[in-house]
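In full-length UniProt numbering, the protein residues as written are 1 to 712.
Positions of the beta carbon are idealized from the N, C-alpha and C atoms, including for glycine.
Take a look at the structure set out below.
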Amino acid sequence: MAHYLVLLIKQAVAVSSSAMTDLGFRPNLDGYHDASLDLLRQVYARTERRIDEWRAVTDGVATPADVAAYQERVRAAVHRGVGGLPVSEHPLGVRWLGSVDAESCRIDRLTFESLPGVVVPATLYRPAETGLVDAAEPTTAGGTATARRPAILVTCGHSDLAKADPEYQHVCRSLAAAGFVVLIFDPFGQGERHGYLRPDGTAAVAPGTAEHTYAGVQSWWLGQSAARYFVHDARRAVDLLASLPEVDPARIGVTGNSGGGMLCTLLMAVEPRIAAAAPGTYVCGRRGYLWSGQRQDAEQILLGGTEAGVDHDDLLAVMAPRPVCVLAAEYDFFPYEATVESVARARRIYDLLGAAEALRLVTAPTTHRYGSQLAAAAVAFFTEVLSAPATDTAREGAPGRGRDDETRPRDSRPEVTSTDPAPLPTPTAVLPPASLRCTDSGQLALEPGGAARLLPDLTRTTAPAQAMPLADEQVRDWLTARVQAHRDVPPRPQTRWLPGPEGTDHVFWRAERDLWGAGVVLPARPDTPGPLHVVLLHEGTAELTADHPVTRLAGLVVVVDVRGQGALAVHDRDGLPAEDQASAVYKLGCDLLWLDDSLAAARTFDVLRAVDVLRREEPLRRRHPRLTEHSPVHLHGYGLGAFHALLAAVVDPAVASVTVTDPIVDTDRIRTERLHDEGRGGWQALVPGLAGIASTRRLERMLGDRLRTADR
1 MAHYLVLLIK QAVAVSSSAM TDLGFRPNLD GYHDASLDLL RQVYARTERR
51 IDEWRAVTDG VATPADVAAY QERVRAAVHR GVGGLPVSEH PLGVRWLGSV
101 DAESCRIDRL TFESLPGVVV PATLYRPAET GLVDAAEPTT AGGTATARRP
151 AILVTCGHSD LAKADPEYQH VCRSLAAAGF VVLIFDPFGQ GERHGYLRPD
201 GTAAVAPGTA EHTYAGVQSW WLGQSAARYF VHDARRAVDL LASLPEVDPA
251 RIGVTGNSGG GMLCTLLMAV EPRIAAAAPG TYVCGRRGYL WSGQRQDAEQ
301 ILLGGTEAGV DHDDLLAVMA PRPVCVLAAE YDFFPYEATV ESVARARRIY
351 DLLGAAEALR LVTAPTTHRY GSQLAAAAVA FFTEVLSAPA TDTAREGAPG
401 RGRDDETRPR DSRPEVTSTD PAPLPTPTAV LPPASLRCTD SGQLALEPGG
451 AARLLPDLTR TTAPAQAMPL ADEQVRDWLT ARVQAHRDVP PRPQTRWLPG
501 PEGTDHVFWR AERDLWGAGV VLPARPDTPG PLHVVLLHEG TAELTADHPV
551 TRLAGLVVVV DVRGQGALAV HDRDGLPAED QASAVYKLGC DLLWLDDSLA
601 AARTFDVLRA VDVLRREEPL RRRHPRLTEH SPVHLHGYGL GAFHALLAAV
651 VDPAVASVTV TDPIVDTDRI RTERLHDEGR GGWQALVPGL AGIASTRRLE
701 RMLGDRLRTA DR
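See the structure below:
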């Protein structure tokens, strides 16, 4: 009896094992080719080519007139890349909330409105000297306004404390001690502006970079970038500084590091009132950062930027001949070598205007931070170029050295101006963040009434205005142009046929010259009717097993992998799943956005390419004589694949039908809901601007009775 039970158990295990047989590819396309780096190689090669093409154009700039035209091109590309800038004549509505006396300065707490209802918490640092004009009262006690001072806007990097971060406090106080009026504000998603808080104060989406990307993806769907709101906040901060009676509006500078350095460079491109700039620990170059393998959050991606010829050296040169001091940390994760190269390239543009000395590079032997040595360099730079009066405190601090910085020798290379300012002394006391709060609760979202508009309120309610809705054919043409653009199709697909498990065939072909497409052909009788069923699973052939529902479809069935999926999955240096917004797939998707392309458009092309190859493939037609080049094609999409199938059918009216199961992409929801992504990787279906052109419902209506759902 016991022996009989053992046999039954073994048989059950064998049946279960057979039912779960993996029908997909073994690693490296069954050992024939390592496809895990193909998408990376293609995207990087395209990026390199575009960079080189634009460098050749820039190298041809030879006269001041050429420089003016070049700068105008860069400015226009930046404007397009952020989706245009908001226009608002809304009053700033400054509210002065009290002041804090600190060493060598007075700190005012305040808020202003950058757009109606968009409240920006900020702090204003002013030199602690008698006779200064009060921001709230534009005259001194004697009734006479003092001479106007230069001012500096400090843009924060990705510190959760933002304006209250000890490092930024040090930078602001150092500048104020040198005689500058200094304004710093909380960016979206940081400080007191967390955008996805629940009523109990917990975060539905983590603040900082996670929030910037989550909301930024929503902006991309509308053909915009969240950066437009960051830049607008900064421009309104310049408005505020220019309105202060003690500030000379002709002498306003800007500095920031990391994400604040990025914002600083964008402001340099779009804000003509900036008299001098010191971007820190950000400037490198697209090529250098590309090869570092690192990702960036969404507001740092300039849509179509590389395609339109915007690189880091261009963001420096667009300021010429106005003074710029690049602040660089030599051990930064932003590649320092690329920083040196970008400064050298931009200096040639400055030289054409007779202002080579107006662009300089200061370095410090530190990791990624706005440390005391770089702060001292910023103070020295702005003091020189904006003619700020030197106070006794600043003079006394000049010969000192910070505890955590080293003296660095001058850089002897002629193409780099590297100085070695002594670090300013660290202030005796850093103020606790609570003392710099502009809200009672510490968060605008938790204030009584909760009326302040935050980043998700902007990205989910703002869409480009259309003069008139597009007709269906115009929508199809718009989408087709994006699907077909940039593709490099070889004259022959170079198909490989290999035997797979359980009577399947494994086939792969050239989707483009340097990219493979792949599919699993399920077993079918030779006399199977002509229609071809192309299946797109959420995770591609990697999830295809012998008991998967698609194996029960009648007819000739091919389960297809698009680029970066299934057997073509991308190598991830951190082992992250594709749906993670820190993954290699996200990083490469962003690289494509720089190229005015998108992963979803490319994957939709892969679907149509697969259909074309399979219908023409002789080995398949020999096995299935009823299959012809004109056989009907039925698409079946599951999860993420449902949206790719939908887009492919819109582009190609010859697709006979589309059946969608468990779709995860709904542009109506993406456009209108605060929490628009469930974490299943729906962002991979992004085609920038599509949600502003046609909703998912509109695309479905365009298909008419060709669209089917799994329950029909």
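Could you tell me which residues DSSP puts in a beta bridge with residue i?
i, result
"residue 184", "123, 154"
"residue 507", "497, 519"
"residue 430", "Paired residues: none, contrary to the question."
"residue 106", "101, 126"
"residue 659", "636, 708"
"residue 324", "277, 359"
"residue 612", "BP columns for residue 612 are empty, so no partner."
"residue 667", "None, per the DSSP bridge assignment."
"residue 329", "364"
Using a Cβ-Cβ cutoff of less than 7 Å, which residues in the same chain neighbour residue i once the five nearest sequence positions on both sides are dropped?
i, result
"residue 172", "125, 154, 182, 184"
"residue 446", "197, 201"
"residue 119", "111, 113, 444, 452"
"residue 191", "121, 161, 162, 163, 164"
Here's the rule: buried if 16 or more other CB atoms are within 10 angstroms of the residue's CB, otherwise exposed. What is residue i?
i, result
"residue 168", "buried"
"residue 257", "buried"
"residue 209", "buried"
"residue 218", "buried"
"residue 630", "exposed"
"residue 113", "buried"
"residue 578", "buried"
"residue 655", "buried"
"residue 38", "buried"
"residue 59", "exposed"
"residue 384", "exposed"
"residue 4", "Its pLDDT being 46, under 50, residue 4 is placed unreliably by the model, and nothing is read from it."
"residue 62", "exposed"
"residue 52", "exposed"
"residue 150", "buried"
Could you have a look at residue i and say whether DSSP puts it in helix, strand or coil?
i, result
"residue 264", "helix"
"residue 638", "strand"
"residue 533", "strand"
"residue 502", "helix"
"residue 456", "helix"
"residue 673", "coil"
"residue 334", "coil"
"residue 284", "coil"
"residue 112", "strand"
"residue 561", "strand"
"residue 251", "strand"
"residue 439", "coil"
"residue 318", "coil"
"residue 696", "helix"
"residue 95", "strand"
"residue 703", "helix"
"residue 213", "helix"
"residue 202", "coil"
"residue 244", "coil"
"residue 589", "helix"
"residue 556", "strand"
"residue 145", "Interpretation of residue 145 is limited by its pLDDT of 49, a score under 50 that renders its predicted location unreliable; no figure is taken from the coordinates."
"residue 569", "strand"
"residue 687", "coil"
Excluding the 5 residues flanking residue i on each side, which residues of the same chain have their C-beta closer than 6 Å to its C-beta?
i, result
"residue 308", "77"
"residue 242", "249"
"residue 530", "626, 627, 631"
"residue 42", "514, 515"
"residue 510", "490, 493, 494"
Does any CB atom of chain B fall closer than 8 Å to the CB of residue i?
i, result
"residue 117", "The structure shown contains no chain B; it holds only a single protein chain."
Short of 8 Å in beta carbon distance, which residues of its chain neighbour residue i, apart from the five on each side in sequence? Order them along the chain.
i, result
"residue 228", "82, 83, 84, 85, 86, 219"
query = Touch check for the stretch 481-490 and the stretch 21-29: three-plus C-beta pairs under 8 Å?
reply = The stretch 481-490 vs the stretch 21-29: no contact.
query = Within the chosen definition, does the stretch 376-390 reach the stretch 293-302 through at least 3 CB pairs nearer than 8 Å?
reply = These segments do not touch.
query = Counting pairs of Cβ atoms below 8 Å between the stretch 275-287 and the stretch 318-336, do you hit three or more?
reply = Judged by pairs of C-beta atoms under 8 Å, the stretch 275-287 touches the stretch 318-336, as three or more such pairs exist.
task = Assess, as a yes-or-no matter, whether the stretch 311-323 is touched by the stretch 600-610 under the definition of 3 or more beta carbon pairs within less than 8 Å.
result = With a cut-off of 8 Å, the stretch 311-323 and the stretch 600-610 do not count as touching, because too few Cβ pairs lie within range.
request  = Would you be able to state if there are at least three C-beta pairs under 8 Å between the stretch 40-58 and the stretch 197-213?
outcome  = A contact is defined here as three or more CB-CB pairs under 8 Å, and the stretch 197-213 fails this definition with respect to the stretch 40-58.
request  = Examine the Cβ distances between the stretch 578-596 and the stretch 491-503 and report whether three or more of them are shorter than 8 Å.
outcome  = These segments do not touch.
ask   = Are three or more beta carbon pairs between the stretch 548-556 and the stretch 640-653 nearer than 8 Å?
value = Verdict: no, contact absent.
Stretch pair the stretch 557-568 + the stretch 664-674: three plus CB contacts closer than 8 Å = No, they do not touch.
message = Could you check whether the stretch 681-696 touches the stretch 472-479, counting it as contact only if at least three pairs of C-beta atoms, one from each stretch, sit closer than 8 Å?
response = With three or more CB-CB distances shorter than 8 Å, the stretch 681-696 counts as touching the stretch 472-479.
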